[in-house]
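Visitor:
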Amino acid sequence: MRLLEMLKEINKTDILSKKTVLKIICKDGVEINGRYQAYVSELDNEPEEAQLDIITLDTEASVGLLESEIETIEVLNN
1 MRLLEMLKEI NKTDILSKKT VLKIICKDGV EINGRYQAYV SELDNEPEEA QLDIITLDTE
61 ASVGLLESEI ETIEVLNN
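The sequence shown maps to residues 1 to 78 in the numbering used here.
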């Protein structure tokens, strides 16, 4: 599933905001928990791939995850 479609599906039940905490499982098995910051369209990103920006809960680091790196996204709290 494409990143934008995943986020639209989440938005049907949980309104995404900067307070929304997400659990992201990457295709390499890494789990990242963080607060949603932004969705960046492939048209606005280099390389031309959509990106999800989050602030990690453990280190408060800003992380950008490319669509190709993401396996699943789950809302932990909103």
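Don't be surprised by glycine CBs; every beta carbon is placed ideally from N, CA and C. The model shown is predicted, which means the values in this text are computed figures rather than measured ones.
On the three-pair Cβ rule with 8 Å, is the segment 11 to 25 touching the segment 46 to 58?
Guide: At 8 Å Cβ cutoff, the stretches touch.
Visitor: Kindly list the residues whose CB is nearer than 8 Å to the CB of S68, restricted to its own chain and excluding five residues on each side of it in sequence; keep chain order.
Guide: Contacts found: K27, E49.
Visitor: Excluding the 5 residues preceding and the 5 following I73 in the sequence, name in chain order all residues of the same chain whose CB lies nearer than 6 Å to its CB.
Guide: The answer, listed in chain order, is M6, L22, I24.
Visitor: Identify the residues that DSSP records as bridge partners of K23: which are they?
Guide: For K23, which the question treats as bridged, DSSP gives the partners N33, E74.
Visitor: Return the CA-CA distance between S41 and E60, expressed in angstroms with no decimal places.
Guide: When rounded, the distance between both Cα atoms is 23 Å.
Visitor: Compute the Euclidean distance between the alpha carbons of Q37 and E46, then round it to the nearest angstrom.
Guide: C-alpha separation (whole angstroms): 18 Å.
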